[in-house]
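Novice: Take a look at this one; I'll ask things after.
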Amino acid sequence: TRTGPYCGRCEGAVKEAVTGDGQPLTGGQLAERILEVAESLPGYQQWCRHQHEIVRLSLYWARCIELSNYYPYGGQSLVESTSAHLTWNQQQSQDARERIQLAVAQLLEAGTLPVTVKARVAALKSLSKVSSDT
Numbered sequence: 025t026r027t028g029p030y031c032g033r034c035e036g037a038v039k040e041a042v043t044g045d046g047q048p049l050t051g052g053q054l055a056e057r058i059l060e061v062a063e064s065l066p067g068y069q070q071w072c073r074h075q076h077e078i079v080r081l082s083l084y085w086a087r088c089i090e091l092s093n094y095y096p097y098g099g100q101s102l103v104e105s106t107s108a109h110l111t112w113n114q115q116q117s118q119d120a121r122e123r124i125q126l127a128v129a130q131l132l133e134a135g136t137l138p139v140t141v142k143a144r145v146a147a148l149k150s151l152s153k154v155s156s157d158t
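Numbering (this note's numbering), first residue to last: 25 to 158.
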């Protein structure tokens, strides 16, 4: 099945998610809300092929939301994007670090993190699409 409609429902629910004091969710709370919404959608248990990586994906999407220019309707930017203040090189470096962190998390989750340094570097290069110079 197509995941687009489900992603839209998650996005809508998460954009409306706020803490008890009216502030938008951030960090771990935002990732938890994304996970909660995704797992509650109809057909998730039966059809979702990403259940083995849903925690990692929730953390990834929370980070994407925090770095976006989104802010609640009628309000001002409550979550300031750090990307706007970074140079191009700093942004590239940050993106590479995030991809490497996601690759490590994926290997750990799958239980396939290689033991030797050479094998780890090769696996991380392959998954994160970064060079060994990074």
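Note that CB positions come from ideal geometry on N, CA and C, so glycine has one too.
Here the structure is a predicted model, which means the values were calculated and not measured.
How many angstroms separate the CA atom of Ala146 from the CA atom of Ala120?
Specialist: Indexing the sequence shown from 1 puts residue 146 at position 122. Indexing the sequence shown from 1 puts residue 120 at position 96. Rounded to the nearest whole angstrom, the CA to CA distance from Ala146 to Ala120 is 15 Å.
Novice: On the criterion of 16 or more Cβ atoms from any shown chain inside 10 Å, does Val61 qualify as buried, or is it exposed?
Specialist: As a working mapping, residue 61 is identified with position 37 in the sequence shown. Answer is buried; the Cβ neighbour count reaches 16.
Novice: In chain order, which continuous runs of the alpha helix (DSSP H) of length 4 or greater are located wholly inside the region 49-128?
Specialist: The region 49-128 contains these whole alpha helix (DSSP H) runs: 51-64, 68-71, 78-91.
Novice: Could you tell me which of Cys72, His76, Leu49 sits nearest to Leu131, measuring between CA atoms?
Specialist: Counting from one through the sequence shown, the residue named residue 131 turns up at place 107. For Leu131, the nearest C-alpha among the options comes from His76.
Novice: Measuring alpha carbon to alpha carbon, tell me which of Ser64, Leu59, Glu122, Val141 ends up nearest Lys153.
Specialist: Looking up residue 153 in the sequence shown gives position 129. The residue from Ser64, Leu59, Glu122, Val141 with its alpha-carbon nearest to that of Lys153 is Glu122.
Novice: Determine the direct distance from the alpha carbon of Thr140 to that of Lys149, and round the result to whole angstroms.
Specialist: The sequence position of residue 149 within the sequence shown is 125, counting from 1. The sequence position of residue 140 within the sequence shown is 116, counting from 1. Rounded to the nearest angstrom, the two C-alpha atoms are 14 Å apart.
Novice: Three-state secondary structure (DSSP) at Val141?
Specialist: Counted from its first residue, the sequence shown places residue 141 at position 117. In the three-state reduction of the DSSP assignment, Val141 falls in the helix class.
Novice: Between Leu59 and Ile78, which are expected to be in contact by the criterion C-beta below 8 Å, what is the C-beta distance as a whole number of angstroms?
Specialist: Here residue 59 refers to the residue found at position 35 when the sequence shown is read from its first residue. Here residue 78 refers to the residue found at position 54 when the sequence shown is read from its first residue. Right, the Cβ-Cβ distance comes to about 6 Å (below 8 Å), so this counts as a contact.
Novice: Would a C-beta distance cut-off of 9 Å place Leu110 and Leu126 closer than the cut-off?
Specialist: By one-based count along the sequence shown, residue 110 stands at place 86. By one-based count along the sequence shown, residue 126 stands at place 102. No. Outside cutoff.
Novice: Are the Cβ atoms of Ala86 and Leu54 separated by less than 9 Å?
Specialist: Walking along the sequence shown from the start, residue 86 turns up at place 62. Walking along the sequence shown from the start, residue 54 turns up at place 30. A contact, by the Cβ cut-off of 9 Å.
Novice: Pull up the distance between the alpha-carbon of Arg144 and that of Trp112, whole angstroms please.
Specialist: Start at 1 with the first residue of the sequence shown, and residue 144 comes out as number 120. Start at 1 with the first residue of the sequence shown, and residue 112 comes out as number 88. Rounded to the nearest angstrom, the two C-alpha atoms are 28 Å apart.
Novice: Taking DSSP as the reference, what is the three-state secondary structure of Lys153?
Specialist: In the sequence shown, residue 153 corresponds to position 129, counting from 1. Three-state result, Lys153: coil.
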